[in-house]
Amino acid sequence: MTQEQLNILIRKYLSGTATTEEMKSLEQWYQDYDRNLEVYVGNEEEGSEQELHDKILSRLRTTLHATLPARVTPMWKKLAAAASIVALVSAGGWYLMHDRSNDSTQVASQTGTNPGFEQAILTTSDGRKIQLGKNSHQPINEKNGVLISNDGHQLSYTSSSTGNSVFFNTLEVPRKGVYSLVLADGTKVWLNSLSSLTYPTSFPGRERRVSIKGEAYFEIAKNPRQPFVVDVEGGQAIEVLGTSFNVNAYTNEEQISTTLLEGAVRVKAGDQQQMLAPGQEAQFSLSGRALQVRQVADPNDVIAWKNGFFVCNGKDLKAILRQVTRWYDIEVVYQGNINPEAFEGTISRNMNLSELLSMLEITGVKFSFQGRQLTVLPQ
Numbered sequence: 033m034t035q036e037q038l039n040i041l042i043r044k045y046l047s048g049t050a051t052t053e054e055m056k057s058l059e060q061w062y063q064d065y066d067r068n069l070e071v072y073v074g075n076e077e078e079g080s081e082q083e084l085h086d087k088i089l090s091r092l093r094t095t096l097h098a099t100l101p102a103r104v105t106p107m108w109k110k111l112a113a114a115a116s117i118v119a120l121v122s123a124g125g126w127y128l129m130h131d132r133s134n135d136s137t138q139v140a141s142q143t144g145t146n147p148g149f150e151q152a153i154l155t156t157s158d159g160r161k162i163q164l165g166k167n168s169h170q171p172i173n174e175k176n177g178v179l180i181s182n183d184g185h186q187l188s189y190t191s192s193s194t195g196n197s198v199f200f201n202t203l204e205v206p207r208k209g210v211y212s213l214v215l216a217d218g219t220k221v222w223l224n225s226l227s228s229l230t231y232p233t234s235f236p237g238r239e240r241r242v243s244i245k246g247e248a249y250f251e252i253a254k255n256p257r258q259p260f261v262v263d264v265e266g267g268q269a270i271e272v273l274g275t276s277f278n279v280n281a282y283t284n285e286e287q288i289s290t291t292l293l294e295g296a297v298r299v300k301a302g303d304q305q306q307m308l309a310p311g312q313e314a315q316f317s318l319s320g321r322a323l324q325v326r327q328v329a330d331p332n333d334v335i336a337w338k339n340g341f342f343v344c345n346g347k348d349l350k351a352i353l354r355q356v357t358r359w360y361d362i363e364v365v366y367q368g369n370i371n372p373e374a375f376e377g378t379i380s381r382n383m384n385l386s387e388l389l390s391m392l393e394i395t396g397v398k399f400s401f402q403g404r405q406l407t408v409l410p411q
């Protein structure tokens, strides 16, 4: 495929006019990315890999000036997963980058910009604090006949107790971390960076109740006789029987968002309550204290963090960087007038920070990094 043919195909895909065969051809081109790199860049003298990527960015900036649609179809996520391709679209341009996180390990280590990894701290009922991660695989004994297994990325609770005593644990995931657990009832929970879950080690009562800070994705084990309740920091409760949903309750966000993927949940906030159907999201404003429901275009975008991606669809730069700060353990300050335009696309969470920032610069900003502080300035 020539460069001009590729440019035409990209335009048709972004405008939604590509046929099935044309989309297959485009997907095949990305799967053969390394072989096609020289064809797309041209026959210029061979340079460093970074120079090749710079040339790609330059070409895309000059050839894709057409107005892009408000939404790009989820095919980009399939391409990213299948061919390690990262795509990002804004009104200022279109950026394609191969995931080169392994090649950048040394640079990332020197600058402190390597991505997050599986790590957490477990606080047991007797106050012990246990560091969890890839090097910790020892089982943990709890009170009341509870055994906690740990394989380095997930805790799993097994209870042989028949008594009514209740003991609580807290799993805390720091900045630059992610972890998962299986509760004693079989419920699965994934915790994002800067999040914590407090929960009983067994569920002997009439309900199963846990509390969350930050962000978590739940797959609730069905038990109609024992409803599951999630208390959310900020004054909200979520009641479920058996379902899959995500809750985002970070204190530096403007709202608490509960997104339902399967089943049904009732979201309560004070004297307000809303029932959600799959594909709906309840948004509770932390300033106005109002609870509203909206339809989500693709609920799987909301849990992309669990699968190793930032999905930027409809988010502006500041919203994206709030996620970035938690995953890379940095602080962000802004100087000057920053363009609030929205992004479309998918970014791997496995790349180092310098690569990610080079992608975000297509919006007309530049970055300065010192210590753990990232400064954002207009170009």
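Per the working numbering, the very first residue in the sequence shown carries number 33; after that it's consecutive.
Don't be surprised by glycine CBs; every beta carbon is placed ideally from N, CA and C.
None of the values given here were measured: they were computed from a predicted structure.
**Asked** According to DSSP, is residue 41 helix, strand or coil?
**Response** Within the sequence shown, the letter at position 9 stands for residue 41. The DSSP-derived three-state label of residue 41 is helix.
**Asked** Closest by CA to residue 349, which one among 317, 359 and 376?
**Response** In the sequence shown, counting from the first residue as 1, residue 349 sits at position 317. Closest in alpha carbon position to residue 349, among 317, 359 and 376, is 376.
**Prompt:** Who pairs with residue 298 in a beta bridge, going by DSSP?
**Reply:** For the purposes of this step, residue 298 is taken as residue 266 along the sequence shown, with counting starting at 1. Beta-bridge pairing links residue 298 to 271 and 307.
**Request:** Please report the Cβ distance between residue 358 and residue 207, rounded to the nearest whole angstrom; I am assuming they are in contact, meaning their Cβ atoms lie under 8 Å.
**Result:** Within the sequence shown, the letter at position 326 stands for residue 358. Within the sequence shown, the letter at position 175 stands for residue 207. At roughly 6 Å, the Cβ-Cβ gap stays under 8 Å, so residue 358 and residue 207 are in contact.
**Message:** Assuming contact is defined by CB atoms lying nearer than 9 Å, are residue 268 and residue 283 in contact in what I supplied?
**Reply:** Numbered from its first residue, the sequence shown carries residue 268 at position 236. Numbered from its first residue, the sequence shown carries residue 283 at position 251. Between residue 268 and residue 283, the C-beta spacing is not below 9 Å.
**Message:** So residue 278 and residue 231 are supposed to be a Cβ contact under 8 Å. How far apart are they, rounded?
**Reply:** Start at 1 with the first residue of the sequence shown, and residue 278 comes out as number 246. Start at 1 with the first residue of the sequence shown, and residue 231 comes out as number 199. Their Cβ separation, rounded to whole angstroms, is 17 Å, which puts residue 278 and residue 231 out of contact at 8 Å.
**Item:** Local Cβ density within 10 Å of residue 51, reported as buried at 16 or more and exposed below that
**Value:** One-based indexing of the sequence shown puts residue 51 at position 19. By the 10 Å Cβ count, residue 51 comes out exposed.
**Message:** Here's the rule: buried if 16 or more other CB atoms are within 10 angstroms of the residue's CB, otherwise exposed. What is residue 319?
**Reply:** For the purposes of this step, residue 319 is identified with residue 287 of the sequence shown, where counting begins at 1. By the neighbour-count rule (16 or more Cβ atoms within 10 Å), residue 319 is not buried but exposed.
**Touching by the beta-carbon criterion (3+ pairs, under 8 Å), the region 362 to 369 and the region 340 to 348** = No, the region 362 to 369 is not in contact with the region 340 to 348.
**Request:** Alpha carbon to alpha carbon, how far is residue 342 from residue 400? Give it in angstroms, no decimals.
**Result:** Position 368 of the sequence shown, counted from the first residue, corresponds to residue 400. Position 310 of the sequence shown, counted from the first residue, corresponds to residue 342. Straight across, the Cα-Cα distance linking residue 400 with residue 342 is about 22 Å.
**Request:** Give a yes or no on whether the C-beta atoms belonging to residue 246 and residue 215 are separated by under 9 Å.
**Result:** The residue you call residue 246 lines up with position 214 of the sequence shown. The residue you call residue 215 lines up with position 183 of the sequence shown. No, they are not a contact pair.
**Whole-angstrom C-beta distance between residue 302 and residue 321, which should lie under 8 Å** = Your numbering for residue 321 matches position 289 in the sequence shown. Your numbering for residue 302 matches position 270 in the sequence shown. With a contact defined as Cβ atoms closer than 8 Å, residue 321 and residue 302 qualify at about 7 Å.
**Prompt:** Out of curiosity, what's the CA-to-CA distance linking residue 307 and residue 274?
**Reply:** Taking the first residue of the sequence shown as 1, we reach residue 307 at position 275. Taking the first residue of the sequence shown as 1, we reach residue 274 at position 242. The straight-line gap separating the alpha-carbon atoms of residue 307 and residue 274 is approximately 14 Å.
**Message:** Quick test of your reading: residue 211 and residue 164, contact by CB under 8 Å. State the CB separation rounded to the nearest angstrom.
**Reply:** If you number the sequence shown from 1, residue 211 lands on position 179. If you number the sequence shown from 1, residue 164 lands on position 132. Their Cβ separation, rounded to whole angstroms, is 7 Å, which keeps residue 211 and residue 164 in contact under 8 Å.
**Request:** Return the CA-CA distance between residue 157 and residue 313, expressed in angstroms with no decimal places.
**Result:** The count along the sequence shown starts at 1 and reaches residue 157 at position 125. The count along the sequence shown starts at 1 and reaches residue 313 at position 281. Using only the alpha carbons, I get a separation of about 34 Å.
**Message:** Using a 10 Å radius around the Cβ and a threshold of 16 neighbouring Cβ atoms, would you call residue 238 buried or exposed?
**Reply:** As a first step, residue 238 is located in the sequence shown; it is residue number 206 there, counting from the start. Exposed, because fewer than 16 other Cβ atoms sit within 10 Å of the Cβ of residue 238.
**Message:** Between the alpha carbons of residue 257 and residue 240, how many angstroms are there, rounded?
**Reply:** Position 225 of the sequence shown, counted from the start, is the residue given in the question as residue 257. Position 208 of the sequence shown, counted from the start, is the residue given in the question as residue 240. Pairing residue 257 with residue 240, the inter-Cα distance amounts to about 10 Å.
**Request:** For residue 173, count neighbouring C-beta atoms within 10 Å of its own C-beta (all shown protein chains included) and say buried if the count is 16 or more, exposed if not.
**Result:** Mapped onto the sequence shown, residue 173 falls at position 141. It is exposed - the Cβ of residue 173 has fewer than 16 other Cβ atoms within 10 Å.
**Prompt:** Between residue 293 and residue 311, is the Cβ-Cβ spacing less than 9 Å?
**Reply:** Stepping through the sequence shown from its first residue, residue 293 is reached at position 261. Stepping through the sequence shown from its first residue, residue 311 is reached at position 279. In contact: residue 293 and residue 311 (Cβ atoms closer than 9 Å).
**Prompt:** Should residue 300 be labelled buried (16 or more other beta-carbon atoms within 10 Å of its own) or exposed?
**Reply:** In the sequence shown, residue 300 corresponds to position 268, counting from 1. So residue 300 ends up on the buried side.
**Asked** Measuring CA to CA, which of 389, 390, 395 and 250 is closest to residue 374?
**Response** Mapped onto the sequence shown, residue 374 falls at position 342. Here the closest residue by C-alpha is 395.
**Exposed unless 16 or more other CB atoms sit within 10 angstroms - verdict on residue 148** = If you number the sequence shown from 1, residue 148 lands on position 116. Around the Cβ of residue 148, a 10 Å sphere holds 16 or more other Cβ atoms; the residue is buried.
**Asked** Which runs of the beta strand (DSSP E) fall wholly inside the region 345 to 406 and span at least 3 residues, in chain order?
**Response** Listed in chain order, the beta strand (DSSP E) elements of length 3 or more contained wholly in the region 345 to 406 are 363 to 366, 374 to 380 and 397 to 402.
**Message:** Only counting the same chain, and skipping five residues up and downstream in sequence, which positions put a Cβ closer than 8 Å to that of residue 402?
**Reply:** Position 370 of the sequence shown, counted from the start, is the residue given in the question as residue 402. No residues qualify anywhere along the chain.
**Request:** Express the C-alpha separation of residue 379 and residue 406 in angstroms, rounding to a whole number.
**Result:** Here residue 406 is taken as the residue at index 374 of the sequence shown, counted from 1. Here residue 379 is taken as the residue at index 347 of the sequence shown, counted from 1. The alpha-carbon atoms of residue 406 and residue 379 are separated by roughly 19 Å.
**Prompt:** Name the DSSP bridge partner or partners of residue 263?
**Reply:** Taking the first residue of the sequence shown as position 1, residue 263 is located at position 231. In DSSP, residue 263 forms a bridge with 243 and 269.
**Item:** CB-CB length for residue 191 against residue 177, believed under 8 Å
**Value:** Here residue 191 refers to the residue found at position 159 when the sequence shown is read from its first residue. Here residue 177 refers to the residue found at position 145 when the sequence shown is read from its first residue. With a Cβ gap of about 6 Å, residue 191 and residue 177 count as contacting.
**Prompt:** So who's on the other strand from residue 232, going by DSSP bridges?
**Reply:** Indexing the sequence shown from 1 puts residue 232 at position 200. Per DSSP, 200.
**Message:** Less than 9 Å between the beta carbons of residue 242 and residue 262, yes or no?
**Reply:** Locating residue 242 in the sequence shown gives position 210, where the first residue counts as 1. Locating residue 262 in the sequence shown gives position 230, where the first residue counts as 1. Their beta carbons are under 9 Å apart, which means residue 242 touches residue 262 by this criterion.
**Asked** Which first and last residues belong to the beta strand (DSSP E) in which residue 178 is found?
**Response** Residue 178 sits at position 146 when you count from the first residue of the sequence shown. Its beta strand (DSSP E) spans residues 178 to 182.
**Prompt:** What are the residues that DSSP puts in a beta bridge with residue 410?
**Reply:** One-based indexing of the sequence shown puts residue 410 at position 378. For residue 410, DSSP records a beta bridge to 397.
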